[in-house]
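What follows is a single structure, written as structure tokens, with notes after it.
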Amino acid sequence: MKLHIIVNQSQLDQAMSNISRQKYVALYMQTEGPDPHLHLPIYLGLNCDREDVWLLDFRYFDSREKLNPLKRVLEDENIIKVMYDAKKGIQFFHSLGLEPRGTWFDPYLAAKLLLTPESKRIYSLPQLYLEHLDYVNTPWPEYGQLKGEKEYIAFAQSLTALLPLRQKLVKDLVAAQLVEVAKVEFDCIYAVAEMEETGMYLNTEDLELLGRGIRARVKELEKILLPFFGTPRSQLNLMGANQLEKVNLDSPEQLLQALKRKGIEAKDTTRHTLNMLARNHEEISALLEYRKLSKQLNTFIDALPKFVNPKTGRVHSHYDQMGSASGRFSCSSPNIQQTPREKSFRACWQAEPGKSLIIADYSQIELRVAAEIAGDQRMIKAYQKGEDLHKLTASLVRSVPLSSVTPEQRQAAKAINFGLIYAMGARGLMNYSVDTYSIDMTLAEAERFRELYFRAYRGIDRWHGQLRAEDARRRKQKILSESRTLTGRRYIWGGRAGVAGLYNMPVQGTAADITKIALSYIVEERDNPEWRIVASVHDEILMEVPEEEALEAAYFLKRQMERAGKRLLKIVPVVAEAEIAKSWAG
């Protein structure tokens, strides 16, 4: 192995000339720190074979023009770039004024697609080397300058293992029939990099004003809770500043005891049980509201301003492309996906002056996916005709004409549809209806609705039966069960697969795949780079655009989302709805 350190223009020209003739290039970037807005890149390692490693020292190149040879390599769509945590690398390239194009291969994403119950849940590059190549990587500092020959050699040797790692992972992806979904993930890298890099604007003044109102309400609730749970000597503060004497209301056991002393019998302290008790006990209602407001204060009101980037004035969340088993995004630092749905909270996330937000989401995407996967003819025909499936379900399970379905009956049908596509039991449906949709449903009604639902949607019932039978067959043969989405994304169950999980993963996972395909289409097809993706929350995509182009951008976003749906759903039409707003509240 030869290490070539690039510190002048002729060396850069020669190195990039050699690399430009290759099909693959392995990349690794050493930076001052993790934030591309606050920290600078220091070195870029490049490798195309086992022989030569180039180490570009950015400190010797004080203008973007001097990096043009690197720019040409990064923009060459015929060269496949192999990089661990590629989205972060793309963001740092952007900080240098470089716009990479073409295909990326990210070993981190490939390894997550290949996960099995036996896989180790560690995804650092050294761990991937050890697990897939049996190669022990010599460590060097994660950030900052390399010091001494030992660190330079460790950096270079690690880089030479990236292309062999890619070869091994590609072989495994092919064997596991994961090539199509790997392409979905790799194509989505640019969009994820953009969401993190662009971030969202948080109006901290509006958030502070919202917090004042919540704190005032907390004081009112304390006046109800203190006499009920407290004693003359005790203090109650659910926020944790003080301790309630001998009673911790976050402890299920102690809360049950406290309720019993007040003559309130409860079998448990689940949300459903407390919701039912709250109907007759103001104090329980106050306790539930207090807990909710406490979480909002801790998780959002007090926490969010700390995440505002001092350079951009925006909040830049971290997205994990495969943060859940189904392939859905997870979000952290902060998790904006958990922003309360109340408009008062979402109104704090705003478009900057002169810009508009485009808020688009899929209509009933999980039900549409379930209809396609199950081949349920009644659902398929309803969607093809543009019928309201919730209204249709209400009509079928209540034996009333479509024209006679009331808003409350339609609301109950939402619980029935979304609960029963995942084979929720009668008691679970009863609880889900009241907890999620505020619709009372007796156990007898839930049992009857469940029976009538599966009688009406025989395709869903048949699909559930097929999954259960396949799971039983695999268990009998002592083979691990697996679930697959329409792109081939898989989840292998370590033990006996839960019934809900068997139905949930293919549906939610396919919906996640559709969203990721839409994100990649947006980046590929837009003409205006000022149309920026700022967030993806489950089935929803948010863009920030110049306000005079908002109408055009809204139509574009809707079109790309529906196009993505058509790529996977061949029979059931996919519908996306977009609105233009100044805040996430709409």
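The working numbering applies: residue 12 is where the sequence shown begins, and numbers increase by one. The beta-carbon is built from N, C-alpha and C at its ideal position, and this holds for glycine as well. Note that the structure is a prediction, hence the values are computed from the model and not measured.
The DSSP-derived three-state label of Val190 is helix.
In this structure, the beta-carbon distance from Arg543 to Thr209 falls below 7 Å.
A contact is defined here as three or more CB-CB pairs under 8 Å, and the region 188-204 meets this definition with respect to the region 526-537. Three or more Cβ pairs drawn from the region 427-435 and the region 447-467 lie within less than 8 Å of each other, which places the two stretches in contact. Ala592 is positioned such that its CB atom lies no closer than 7 Å to that of Met572. Around the beta carbon of Ile384, 16 or more other beta carbons sit within 10 angstroms, so the residue counts as buried. Secondary structure of Ala596 (DSSP, three-state): coil. Judged by DSSP secondary structure, Ser367 falls within the beta strand (DSSP E) whose first and last residues are Lys366 to Tyr373. Residue burial annotation: Met12 is exposed, with fewer than 16 other C-beta atoms found within 10 angstroms of its C-beta. Assigned with DSSP and collapsed to three states, Ser494 falls in strand. Contact annotation: the region 65-81 does not touch the region 118-134, with fewer than three C-beta pairs closer than 8 Å.
Shown here for Arg438: same chain residues with a beta carbon closer than 8 Å to its own, the five before and five after excluded, namely Leu454 and Ala457 in chain order.
At a Cβ-Cβ threshold of 7 Å, Ile200 and Ala97 count as neighbours.
By DSSP's assignment, Trp360 forms a beta bridge with Leu213. Val545 and Arg473 have their C-alpha atoms some 40 Å from each other. Beyond the five residues adjoining it in sequence on each side, Arg228 comes within less than 7 Å, by CB distance, of Leu304 in the same chain, given in chain order. The three-state secondary structure of Asn89, taken from DSSP, is coil. Judged by DSSP secondary structure, Lys487 falls within the alpha helix (DSSP H) whose first and last residues are Arg469 to Lys487. Contact check for Phe239 against Glu276 fails: the beta carbons are separated by 7 Å or more. Below 8 Å, enough C-beta pairs join the region 140-149 and the region 160-173 to call them touching: three or more. Burial state of Ser531 is buried, judged by a 10 Å Cβ sphere holding 16 or more other Cβ atoms.
Pairing Leu180 with Pro128 gives a Cβ-Cβ distance that is not under 7 Å.
Excluding its 5 nearest sequence neighbours in each direction, Lys366 has C-beta neighbours in its own chain below 7 Å: Glu555, Val556, Pro557 and Glu558, listed in chain order.
In the three-state scheme derived from DSSP, where H, G and I count as helix and E and B as strand, Ala37 is classed as strand.
The C-beta separation of Tyr212 from Ala362 comes to about 7 Å, placing the pair in contact by the 8 Å criterion. Bridge pairing for Glu551: Asp372 and Val548 [DSSP].
For a cut-off of 8 Å, the C-beta gap from Leu81 to Leu67 is around 7 Å, short enough to register as a contact.
The residue among Ala575, Leu513 and Ile391 with its C-alpha nearest the C-alpha of Arg469 is Ile391. Judged by DSSP in its simplified three-state form, Leu407 adopts helix. Only residues of its own chain outside the window of five on either side were considered, and among them Ala277 have a CB closer than 6 Å to the CB of Thr284, listed in chain order. Comparing C-alpha distances from Ala371 to each of Ser28, Ser355 and Leu568 shows the shortest one belongs to Leu568. In the DSSP annotation of this structure, the continuous segment of the alpha helix (DSSP H) that includes Tyr448 starts and ends at Ala437 to Tyr448. Under a 10 Å Cβ-count criterion, Thr417 is classified as exposed, with fewer than 16 other Cβ atoms of the shown protein chains found around its own Cβ. Per DSSP, reduced to three states, the secondary structure at Asp279 is coil, with no helix or strand assignment. For the set Met206, Arg484, Gly597 and Leu579, the Cα lying nearest the Cα of Thr521 is the one of Leu579. Shortest Cα-Cα distance from Ser355 to any of Ile101, Glu88, Ile225 and Ser492 involves Ile225.
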